[in-house]
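Protein chains in written order, with the numbering used here: chain U, -1 to 563; chain G, -1 to 563.
Each remark here refers to the structure printed beneath this line.
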């Protein structure tokens, strides 16, 4: 019998009433608002009201550098959350809201998989409670206000060539990357070149993910820089009198969404900032609430540990003031084999035959990446746990190699079969995480906020990425100088680089050394609260493929969704 | 003491639990889904499940040709709904969902006003349950699929110069009216000129408003024409394999939203198609449900009776198969005076001094418009009731003139002070409507679907608008011929003309005669199900003014919204 599809498994789930899930989390009923039958929102009042509840152990789920297929980080996050229940512990899971564009494009949804899923997956993957759309609206309101300001006479003296604020849509739409607006007659606005990004790439999304409350969000939105005057001075959303209305548009979106896993583990779904040019982490407020709702809060960070975990530590925890107690590094046999450099894995194509054969030596050959990512966790004072995300075709001999590498590095390690077995398959992992979290936390930020921007960039590049140093383009140098002058020098760094290598070159696998990080350009998300150096081509608006997922999504004769994965 | 603001009145409202409102409507609990505390959605299963419930009297609220300020149609709709309760009747109100763009722009919200409002007004005016955003997503998915089709090789042979499908956003953003997309490199799509409309102008919105169920919606979306091949053949959403995914994106948006008035009268809020290029009516499904939930269903149609009511009769009722029992014509002293042609009323400027003075003769001088609109109701076999929407500065002598004109025409008439007095002020109106609805309905469509397109256009122009005839541009002639050839000839007509005159010239007040309707262009919303001749400049993407409402909307120190009206 074939293994059932994610959708088939999800359809068979026995969901608990969502108010019961929220009740088990200890959330006060007066802060809960239902959205449909299976989702609730929880008001931010929970942060204060639960301040005396015992604090959960704070567990980050990260990964080694993934292949283009991804290594099952969300699935492991969900599986681990379910696994704790089998040990008699109460756990809550925190994940990002998936972007709808890729769901309709190539990628499929982001609800986990197999017997470790967040349900109902169709709600998670499509619209959910509309938070993503609220971000789109708030972002595009500011864009309309910018162009209206130009149209009405440009009293602030915006340099039309230095407007950095684009528009967003939650859609994979390559044709909108580069556009000219304001064509037509004089009444149709000022002509200029701009473009659309996907909503996940919006600074408003990043601000929402990093805010600690509504008043803080209002301030962050006011600080958003939309462009510069001809004199080089930043112009903000506050100066355009738009931050108040943007905040009003986000007053529901700021509340985390409560869902559940297939095994009724509570899940907080909130925000979905891009992993390349933004933090790739779910929201601070969801974590602050989740930390008071059980014994463990399992939260996920996007991409490998050099990307998501580094930002989790140095941006998200810097804002929240919370220290993680353990970090899981998801590793797979195929990813370690890929880091040997012997195989080429392309999304949408079958895996190479010889990668699927039993070959522990290939796993060994890719060990450097795992070692370096363990080190990256440990340099922040956090206990690493290697989670071997087991695939049906894996060989025990290959798992043994991963175990050996982890143990050589002094890291805990466990094989997890949560995809096939649900929480029961994650019990060994949950035990290892529980042990790691018992160790005294020695969490430390990698750099102080007060360090100059270049020093912060160089610290991340050399210590986390293993680069020899950093080279800046002339433009990047000018931008860094300008940001320091404008008072943005205290912001942390969110490095925009490929997630397919620890380096900035996606073709360099393992743990590359002897290279220099090239910073082509530097941008500032002043409202969200970080500076992001661009190290490579960063695509902020995906396209659709030759056969988009949307062509297969439909309703069957019973009105049930088909084709969503 | 000053009359309190709409927001102050709304804040003081004693809302009933929304499930109690739904319960009073007799809606089965298993079809209800809460969205937050004060809104529910009702599943379309209600149409079948309530088929044996007594049918309500079906009351349309329309108006004489309004001034640019609007004459209080929504306020009257809400007030009348409230008024029935004072007579011991159960009424449900059906209105459109307001577009967020104008709420953030110049217009303010659309929740009614004074003591006749839908509450909570901030939910109605901002996002509501996300239906508008779902329409945006479904619409723009199709746009992305069109441009992706071009990018992937254009197998269907779309003529790039004949693509009619644009993109939409629920935002007032003039800079997006005319744009060039697909700039950049080859990977960034095919370069072509296009633009954005406001979401209310989306054909998807019109289709959602006119559909009778999910399977019907799936078919309508499949029929949407996105453009033409170089050979002149229409290309549809079905051919682009996108209609299924669009329907999936709309599977929650198809369910009407339940809210309440200040006096706890149930309100169905659903869909907001534009009043100029689309029907300007709330949804068929909301009315089909609402007709089984009480003694009266009071439903509103946008603009004057020549526009909204004509489309309500000939498009909406043609689809639903339901016959209205009475139609209210909202009239105001200021609008009748304006139809005298002696005054110039401009939105955002104070009313002319002499318009505010007592002058029954000026009211008399504007009587032709009211007479013609009464006739327009009656030619559909429906009993008209003139509602004099009383303003605080009105004079009894002026109300008496309106009463006299209506009675001369054999129409019922009532003064309504619902704005100041709530439902108690609408009791006289409710009594008149109840009487009118007791008359045997002789509802008839103005033209059969089988008539040729030109005949339908000419019937509306001559009989409803009072034109001598219709003139077609050469382009309009070609388009009409093409539509007949393509099999779209059976569709009803949705005339796109100004709402500020019964004619196509906004400067012609009263009931103009001796003119010809110029049809410049003809378009087809094949999915929504109508052909729309363009008779004048139709703006489908508003702009922001010098001082947009968004600049005044904010949160106060207690987190309460301010500046929303």
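Don't be surprised by glycine CBs; every beta carbon is placed ideally from N, CA and C.
Can you tell me whether DSSP reads residue i as helix, strand or coil?
i	result
residue 419/G	helix
residue 214/G	helix
residue 257/G	strand
residue 552/U	strand
residue 239/U	coil
residue 173/G	helix
residue 110/U	strand
residue 80/U	helix
residue 407/G	coil
residue 31/G	strand
residue 318/U	helix
residue 98/G	helix
residue 159/G	strand
residue 458/U	helix
residue 86/U	coil
residue 231/U	coil
Alpha carbon to alpha carbon, how far is residue i from residue j?
i	j	result
residue 452/G	residue 83/G	45 angstroms
residue 174/U	residue 152/U	25 angstroms
residue 0/U	residue 559/U	21 angstroms
residue 142/G	residue 236/G	14 angstroms
residue 41/U	residue 409/G	53 angstroms
residue 224/G	residue 160/G	9 angstroms
residue 395/G	residue 100/G	36 angstroms
residue 59/U	residue 302/U	10 angstroms
residue 380/G	residue 509/G	20 angstroms
residue 252/U	residue 426/G	46 angstroms
residue 477/U	residue 220/G	49 angstroms
residue 208/G	residue 390/U	50 angstroms
residue 280/U	residue 312/U	14 angstroms
residue 295/U	residue 198/G	42 angstroms
residue 130/U	residue 269/U	7 angstroms
On the CB-based measure, 16 or more other CB atoms within 10 Å of its CB, does residue i come out buried or exposed?
i	result
residue 332/U	buried
residue 250/U	buried
residue 556/G	exposed
residue 361/G	buried
residue 147/G	buried
residue 473/U	exposed
residue 149/U	buried
residue 184/U	exposed
residue 433/U	exposed
residue 12/U	exposed
residue 431/G	buried
residue 456/U	buried
residue 338/U	buried
residue 216/G	buried
residue 412/G	buried
What residues from chain C crowd round residue i, counting only those whose CB sits closer than 9 angstroms?
i	result
residue 32/U	Reference to chain C is not applicable here, since the protein chains of this structure are U and G.
Just confirm the distance between the C-beta atoms of residue i and residue j, as a whole number of angstroms; I'd bet it's less than 8 angstroms.
i	j	result
residue 109/U	residue 284/U	That pair is no contact at about 16 angstroms.
residue 177/G	residue 38/G	About 39 angstroms separates the two Cβ atoms, so there is no contact after all.
residue 205/U	residue 423/U	So it is not a contact: roughly 38 angstroms between Cβ atoms.
Answer yes if the region 133 to 152 of chain G comes into contact with the region 165 to 183 of chain G, meaning at least three C-beta pairs across the two stretches below 8 angstroms, and no otherwise. Yes, the region 165 to 183 of chain G is in contact with the region 133 to 152 of chain G.
Counting pairs of beta carbons, one from the region 547 to 561 of chain U and one from the region 242 to 251 of chain G, are three or more of them closer than 8 angstroms? The region 547 to 561 of chain U makes contact with the region 242 to 251 of chain G; the number of CB pairs closer than 8 angstroms reaches 3 or more.
Between the region 318 to 328 of chain G and the region 52 to 61 of chain G, are three or more C-beta pairs nearer than 8 angstroms? Judged by Cβ distances under 8 angstroms, the region 318 to 328 of chain G makes contact with the region 52 to 61 of chain G, as three or more pairs qualify.
Answer yes if the region 112 to 126 of chain U comes into contact with the region 67 to 85 of chain U, meaning at least three C-beta pairs across the two stretches below 8 angstroms, and no otherwise. Between the region 67 to 85 of chain U and the region 112 to 126 of chain U there are three or more C-beta pairs closer than 8 angstroms, enough to call the two in contact.
With contact counted as at least three CB pairs below 8 angstroms, one residue from each stretch, are the region 426 to 442 of chain U and the region 468 to 487 of chain U in contact? Counting Cβ pairs under 8 angstroms, fewer than three are found: no touch.
Stretch pair the region 276 to 295 of chain U + the region 304 to 319 of chain U: three plus CB contacts closer than 8 angstroms: Taking a contact to require three or more Cβ pairs closer than 8 angstroms, the region 276 to 295 of chain U and the region 304 to 319 of chain U qualify as touching.
Under 8 angstroms: do the region 83 to 96 of chain U and the region 260 to 267 of chain U share three or more Cβ pairs, one atom per stretch? In the pairwise beta carbon analysis, the region 83 to 96 of chain U is classified as touching the region 260 to 267 of chain U: at least three pairs are separated by under 8 angstroms.
Meets three-Cβ-pair contact criterion under 8 angstroms: the region 402 to 419 of chain G and the region 20 to 28 of chain G: No, they do not touch.
Check whether the region 182 to 196 of chain U and the region 495 to 511 of chain U touch, using three or more Cβ-Cβ pairs below 8 angstroms as the test. Flag = no, the region 182 to 196 of chain U and the region 495 to 511 of chain U do not touch.
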